[in-house]
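First up is the structure itself, then whatever we jot down about it.
Numbering (my numbering), first residue to last: 2 to 320.
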């Protein structure tokens, strides 16, 4: 499944607006923010149709998956947006992760917990907010709810690090070690970053992660960074391969970078990080820039290539 989908769910009391563009979207937030009510409305519409008084608008079918025979029911679903509430305990299982891989569906999961078995994007973790008091809806009596991104890391000033931590230990680390010589270290995987950061204590540190698959690790890291905000900057591009594609080192269709949701098929790729890696490998095969995740070719380490990659970094952390 590919594409970007706008969803409206409403009755005479409440109105939800959502946009879904990846195979995994997570909705978080405190109690009484309307998360469970959203799923209840969709399910009521499925069961009772027009007599429910609920309208669901979307280009594709919206479904609700509960714990009852979930794996059998999921196997029969295709080309749908599937909503799952946190009361469905299977969402934390490896079996569910295996079912998501290769699925021709998008999943919207309501949960306050991290889902360590799934590689979801930090950009696709949302809350729901009541926007009824905005000028757009002020004249109406309904409660209007829209999605908002929970994590935003783009507001920081010029930052000179004493340490740079990369999630990657292979090609990405090789590249950033050229950009930040002598101060760059690898965490050896996304689950090890938090521990390493705490060991470094309050050194001025840039943390570089693959944002497209870092969703399960972001909450605890975000809370820790917030305690010492002046000492840390998190840089979370989609992936290292995305940076290379965006840098201009090789010729790339801008549509692939700007409308990735039209290319990253959920049946083939569990995350956009997987998509960008596969796309770069295929695009450069047989060329001087042939890409390997395990070792970076010298052509990417030339001064010209490194300068182009540097230009993709936010100016505030650019050496």
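All residues carry an ideal CB built from backbone N, CA and C; glycine is no exception.
This structure is a prediction, so every number in the text was calculated from the model and none was measured.
Item checked: Cα-Cα separation between residue 3 and residue 261, rounded to whole angstroms -> 9 Å
Checklist line | For residue 241 and residue 172, believed in contact at Cβ under 8 Å, the rounded distance | finding: 6 Å
Check: Using the C-alpha atoms, what's the distance from residue 115 back to residue 90?
Finding: 13 Å
Check: Touching or not, the segment 54 to 65 and the segment 7 to 17, by the rule of three or more beta carbon pairs under 8 Å?
Finding: yes
Check: Any chance the segment 163 to 180 sits against the segment 189 to 197, with 3 or more Cβ pairs inside 8 Å?
Finding: yes
Notebook entry, point to check: Mapping DSSP to helix, strand and coil, what is residue 277?
Noted result: helix
Next item on the list: Put residue 181 into one of helix, strand or coil per three-state DSSP.
Entry: coil
Notebook entry, point to check: Can you list, in chain order, the residues of its chain whose CB lies under 8 Å from that of residue 143, leaving out five sequence neighbours each side?
Noted result: 11, 13, 14, 15, 16, 133
Note to self: Whole angstroms are fine: how far does the CA of residue 78 sit from the CA of residue 211?
What the structure shows: 30 Å
Next item on the list: Give me the Cα-Cα distance between residue 65 and residue 110, rounded to the nearest whole angstrom.
Entry: 10 Å
Checklist line | residue 167, DSSP secondary structure in three states | finding: strand
Notebook entry, point to check: In angstroms, rounded to a whole number, what distance separates the CA positions of residue 275 and residue 52?
Noted result: 43 Å
Check: Would residue 136 be called buried (16 or more neighbouring beta carbons within 10 Å of its own) or exposed?
Finding: In this predicted model, residue 136 has a pLDDT of only 47, less than 50, meaning its place in the structure is not dependable; the value taken from the coordinates is given anyway. Looking at its Cβ environment, which holds fewer than 16 other Cβ atoms inside 10 Å, residue 136 is exposed.
Item checked: Burial state of residue 255, where buried means 16 or more other Cβ atoms lie within 10 Å -> exposed
Note to self: Checking the sheet assignment: what are the DSSP bridge partners for residue 7?
What the structure shows: 20
Note to self: Can you find the residues in the same chain that come closer than 7 Å, C-beta to C-beta, to residue 138, ignoring five residues on each side of it along the sequence?
What the structure shows: The pLDDT assigned to residue 138 is 48, lower than 50, so where the model puts this residue is not dependable; a value taken from the coordinates is nonetheless given after this. Here the set comprises 132, 145.
Next item on the list: Could you give the DSSP three-state label for residue 139: helix, strand or coil?
Entry: Summary for residue 139: the model assigns pLDDT 48, below 50, so the residue's position carries little reliability; its value from the coordinates is reported in the next sentence. Three-state DSSP puts residue 139 in coil, outside helix and strand.
Notebook entry, point to check: Grouping DSSP H, G and I as helix and E and B as strand, with all else coil, what is residue 201?
Noted result: helix
Next item on the list: Specify, as a first and last residue, the run of the alpha helix (DSSP H) that residue 64 falls within.
Entry: Element bounds for residue 64: not the alpha helix (DSSP H) but the beta strand (DSSP E), 62 to 65.
Next item on the list: Using the Cα positions of residue 166 and residue 73, report the straight-line distance between them to the nearest angstrom.
Entry: 42 Å
Check: What's the gap between the Cα of residue 140 and the Cα of residue 129?
Finding: The predicted model places residue 140 with a pLDDT of 45, which falls under 50 and marks its position as unreliable, so this point remains unresolved.
Notebook entry, point to check: When burial is assigned at 16 or more other CB atoms within 10 Å of the CB, is residue 95 buried or exposed?
Noted result: exposed
Item checked: Local conformation of residue 292 per DSSP, three classes -> coil
Checklist line | C-alpha gap between residue 313 and residue 247, whole angstroms | finding: 7 Å
Next item on the list: Please classify residue 84: is it buried, with 16 or more other beta-carbons within 10 angstroms of its beta-carbon, or exposed?
Entry: buried
Notebook entry, point to check: Which one of 205, 309, 202 has the shortest CA to CA distance from residue 243?
Noted result: 309
Next item on the list: Just confirm the distance between the C-beta atoms of residue 148 and residue 56, as a whole number of angstroms; I'd bet it's less than 8 Å.
Entry: Rounded, the Cβ-Cβ distance is 18 Å, inconsistent with contact.
Note to self: Can you find the residues in the same chain that come closer than 8 Å, C-beta to C-beta, to residue 285, ignoring five residues on each side of it along the sequence?
What the structure shows: 251, 291, 292
Notebook entry, point to check: Does DSSP classify residue 147 as helix, strand or coil?
Noted result: strand
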